[in-house]
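Report on one structure; see the data block that follows.
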Amino acid sequence: MKICVLVKEVPDAAVEKRLNNSTGRMDRSGEKNLNPYDTHAIEAAMQIREGGVAPVEEIVAVTMGPESAVRALHKAVSLGADRSVHLSDEAVAGSDVAATGYALAQTLRRESPDLVLLGQQSDDGECYTIGAVVAEHLGMPSLTQVIKMDVETGALRCERQAEYGYDTVQVSLPAVISVGDAINEPRYPSLKAIMGAKKKPLETVGAADVEIDTSKVGGENSAARWIAAKAPPAKAAGEIIEDEDTAETVEKIVAWLDERKLI
Amino acid sequence: MTNILVYALHYEGAINKNSLGAVSEGAKLAAELGGEAHAILVGEGVPQDLAASLGNYGASKVLVAEGPEGLAQPVVDAMGAAISGGDYKYALFGGGLLGFEIGAGLAARLGAGVAMEVTAVRAEGGELIAERPILGDSAISEISYRSEVGIVIGRLNAFEIKETGAGAAAVEQLSFELSPHASQAKMITRGEQRGADVDIEGADILVAGGRGLGKAEGFQLCEELAGAFGNNAAVAATRAVVDAGWYPYAAQIGQTGKTVSPKLYLAAGISGAIQHKVGMQSSENIVAINKDSNAPIFEFSDLGIVGDLNKILPKLTEAVKAKKG
Ligand SMILES: Cc1cc2nc3c(=O)[nH]c(=O)nc-3n(C[C@H](O)[C@H](O)[C@H](O)COP(=O)(O)OP(=O)(O)OC[C@H]3O[C@@H](n4cnc5c(N)ncnc54)[C@H](O)[C@@H]3O)c2cc1C
Ligand SMILES: Nc1ncnc2c1ncn2[C@@H]1O[C@H](COP(=O)(O)O)[C@@H](O)[C@H]1O
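Just so you know, the protein sequences line up as chains A and B, in that order. Numbered according to the working numbering, the first sequence terminates at residue 378, and the numbering increases by one at each position without gaps. Numbered according to the working numbering, the second sequence terminates at residue 327, and the numbering increases by one at each position without gaps.
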């Protein structure tokens with residue numbers, strides 16, 4: 116079985132996320148890191164490999180993004196991927212969800228994976244949906260938010276929470292699965308793996324290499340058009356208590372609740 | 003014509019509340035665009051009167067398609083067929099998980115633009131403009147569509163349910179072909195309720211716990227505090243801890259759980275992710291205890307306590323007990 120894991124470089128959690136008000140795109144200056152949700156997808160791939168039910172020949176990390184995104188690939192490799200593919204092309208910059216999913220699907224097509232894994236969301240885009248777009252383009256069955264995945268012959272038995280409780284769904288391979296963050300506890304990379312990550316094969320491809328129709332990608336060609344940004348309605352800031360002396364803090368909470376007749 | 007096709011999710015004989023909101027919103031927007039709102043239901047033997055009842059929320063026509071329930075891709079096929087055979091300019095979804103998957107799949111199928119987590123939509127110059135909060139709700143971006151069809155996926159509870167009193171809608175059977183990949187996923191069990199069947203919806207006070215409780219046993223702290231408040235209080239939870247098996251699903255608040263608006267929502271060890279917020283933000287009073295002063299929950303709480311819940315909750319329980327005498 117060959118598994119491709121989609122990973123993304125996102126601003127570090129500690130960096131305040133801001134919008135560039137003239138382009139509508141995110142201000143991407145500052146520290147970046149591998150999207151934390153994607154580490155669960157890599158871990159899920161590793162657990163399938165280690166589970167031994169179906170032999171895994173290869174785990175390939177795939178990303179689309181600017182030059183700096185190679186660092187996310189290195190991180191993915193240090194966590195267990197065998198090699199990586201980087202789609203990097205000015206033509207895809209600024210793509211919306213639908214265009215990004217199309218471009219990623221084209222990149223994946225060349226790899227003919229048996230399983231494509233994604234994280235539940237990107238920390239910056241928060242669309243939750245790239246998996247569904249990729250699956251439609253590849254003509255594969257798909258599920259998002261999967262928190263348990265058992266390998267069966269030619270299929271996966273998946274569990275996830277949907278709007279009415281937990282569903283168990285059997286999905287034939289090849290398939291596209293976005294995993295929820297409750298699926299596993301990602302391991303930490305070993306120092307050796309971190310040091311060795313840059314030596315693993317990394318292939319950089321352009322739009323033409325993966326036969327992307329460039330009239331369908333990029334900010335200008337994306338079907339969803341960003342027109343403006345505005346601030347959310349102002350909400351009166353809540354009161355904040357820093358807990359220094361807990362007895363005093365609790366007194367304040369009780370007084371606050373009492374004032375509002377909540378006790 | 004500028005008709006809007008609205009997906010209506012149904013389960014065990016009832017239409018999902020968020021879908022009713024979406025149908026109401028679709029009807030309002032279609033009227034502004036000078037078109038009609040049609041709804042679509044996909045399922046196994048969908049009752050005719052259930053479909054027709056969507057007329058009460060403003061759908062002038064309801065398409066019913068026979069297909070597997072609870073999975074997104076068959077609905078993409080059905081909606082794709084409806085849109086290619088009809089006169090639709092927009093597809094609209096209420097909040098929820100399936101709507102996200104269907105909307106995204108449909109965008110790929112049709113080469114359409116899609117906006118998700120939409121909190122408001124307006125008609126302007128014959129087009130729809132969707133408002134989508136981004137970056138943890140710190141900004142709202144406005145999205146329009148370049149494609150022939152535009153797809154709008156609402157945020158949970160974003161669209162208000164409005165009964166128009168228009169009566170039953172015309173119901174039409176829609177036939178469509180299941181694409182090969184749509185038949186490669188099979189529902190084994192649906193809607194399993196994990197854990198005890200607790201009732202939290204009637205409670206005036208909810209003490210909610212999240213991952214910050216550290217372990218399943220941590221919920222005892224919440225239960226003791228709820229106990230101190232008395233009979234009108236109950237314990238609620240986030241998806242993170244329900245998925246981890248620490249607390250029953252019936253107590254979960256949020257996008258794939260319950261929506262509540264108690265007099266007091268006291269959140270302990272909860273970060274305040276959007277999918278949790280959408281289920282509790284209309285609570286009358288929100289109190290949050292979190293050790294991280296940057297936790298998003300402080301952005302929408304009325305009283306925020308930056309501190310360790312393990313220190314605060316036991317003392318708070320004692321103090322509430324003492325106060326009640
Ligand atoms: C499609 C989809 C649907 C979803 N549906 C839901 C849903 O219905 N409901 C839901 O809740 N979530 C839902 N989620 C998940 C949601 O995005 C969050 O992951 C989840 O709400 C986080 O739960 P949490 O706050 O318990 O955990 P975390 O985000 O991990 O937060 C734990 C918090 O505890 C604090 N903490 C830790 N230790 C202490 C301590 N000792 N004292 C005080 N504070 C402490 C930390 O600072 C942190 O802020 C959904 C996600 C997706 C993508
Ligand atoms: N540019 C990208 N390159 C590779 N994978 C991506 C990219 N954007 C999103 N993904 C994947 O899609 C998942 C969901 O992202 P999103 O739909 O943006 O919330 C992420 O966890 C990644 O696995």
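Every residue gets a Cβ at the ideal spot worked out from N, C-alpha and C, and that includes glycine. Remember, it's a predicted structure, so these values are computed and weren't measured experimentally.
Flagged as an interface residue toward chain A: Gly107/B, by a C-beta distance shorter than 8 Å. With contacts defined by Cβ atoms closer than 8 Å, Ala208/A and Val122/A do not form a contacting pair.
The continuous beta strand (DSSP E) containing Ser143/B extends over residues Ala141 to Tyr147. For Asp238/A, the shortest separation between its Cβ and any heavy atom of ligand 1 does not lie below 7 Å. Across the stretch 137 to 148 of chain B, CB contacts with chain A closer than 9 Å involve Leu137, Gly138, Asp139, Ser140, Ala141, Ile142, Ser143, Glu144, Ile145, Ser146, Tyr147 and Arg148, in sequence order along the chain. Segment contact: the stretch 173 to 185 of chain B against the stretch 213 to 233 of chain A, fewer than three CB-CB distances shorter than 8 Å; contact not assigned. The C-beta distance from Gly97/B to Arg157/B rounds to 5 Å, short enough to fall under 8 Å.
With a threshold of 8 Å between beta carbons, Ile309/A makes no contact with chain B.
Within the same chain, Cβ atoms closer than 7 Å to the Cβ of Gly107/B are found at Ala74, Gln75 and Val78, the five residues on either side in sequence being excluded. Counted as a single uninterrupted DSSP element, the beta strand (DSSP E) harbouring Ser199/A occupies residues Arg198 to Leu202. With respect to the 8 Å criterion, Val294/A and Val261/A are classified as neighbours on the basis of their beta carbons. Among the CB atoms of chain A, one or more fall inside 8 Å of the CB of Thr258/B.
According to DSSP, Asn148/A shares a beta bridge with Val125/A. Contacts with chain B at 8 Å (Cβ-Cβ) do not include Glu300/A.
Within the stretch 80 to 100 of chain B, the residues whose Cβ lies closer than 7 Å to some Cβ of chain A are Gly98, Leu99 and Leu100, listed in chain order. Ranking Lys188/B, Ala252/B, Asn159/B and Ala236/B by CA distance to the CA of Gly197/B puts Ala252/B first. Between ligand 1 and the CB of Gln235/A, the shortest heavy atom gap is smaller than 7 Å. In chain B, no part has a C-beta under 8 Å from the C-beta of Lys147/A; the shortest such distance is about 15 Å.
Between the stretch 330 to 339 of chain A and the stretch 192 to 210 of chain A, the count of C-beta pairs closer than 8 Å reaches three or more; the two stretches touch. When C-alpha distances from Leu99/B are compared across Leu318/B, Gln277/B and Gly204/B, the shortest belongs to Gln277/B. In this chain, the alpha helix (DSSP H) harbouring Lys323/B covers Leu311 to Lys326. Here His40/B is bridged, per DSSP, to Leu7/B and Lys63/B. Within the same chain, Cβ atoms closer than 6 Å to the Cβ of Tyr147/B are found at Gly115, the five residues on either side in sequence being excluded. For the pair Lys367/A and Ile145/B, the Cα-to-Cα distance works out to about 44 Å.
C-alpha of Val200/A to C-alpha of Tyr217/A: approximately 16 Å in a straight line. Between the alpha carbons of Ala236/B and Ile207/B lies a gap of roughly 6 Å. Take Leu305/B, set aside five residues on each side of it, and the residues of its chain with a beta-carbon closer than 7 Å to its own are Val289, in chain order. Between ligand 1 and Arg157/B, a heavy atom-to-CB distance of less than 7 Å is absent. For Asn292/B, the closest Cβ of chain A is not nearer than 8 Å. Of the candidates Pro316/B, Leu31/B, Arg111/B and Ala54/B, Ala54/B places its Cα closest to the Cα of Ala168/B. Ranked by Cα distance from Ser143/B, the first of Arg340/A, Ala250/A, Ala322/A and Lys307/A is Arg340/A.
Around Ala242/B, the same chain offers Gly212 and Arg213 as residues with beta carbons nearer than 7 Å, after the five sequence neighbours per side are excluded. Relative to Ala270/A, the option among Ile163/A, Lys350/A and Ile355/A whose CA is nearest is Ile163/A. With 16 or more other Cβ atoms inside 10 Å of its own Cβ, Glu124/A counts as buried.
The shortest C-alpha to C-alpha distance from Pro301/A to any of Asp142/A, Leu377/A, Ser237/A and Tyr152/A is the one to Tyr152/A. Those residues of the stretch 329 to 346 of chain A placed with their C-beta closer than 9 Å to a C-beta in chain B are Lys331, Asn336, Ser337, Ala338, Ala339, Arg340, Trp341, Ile342, Ala343, Ala344, Lys345 and Ala346, ordered along the chain.
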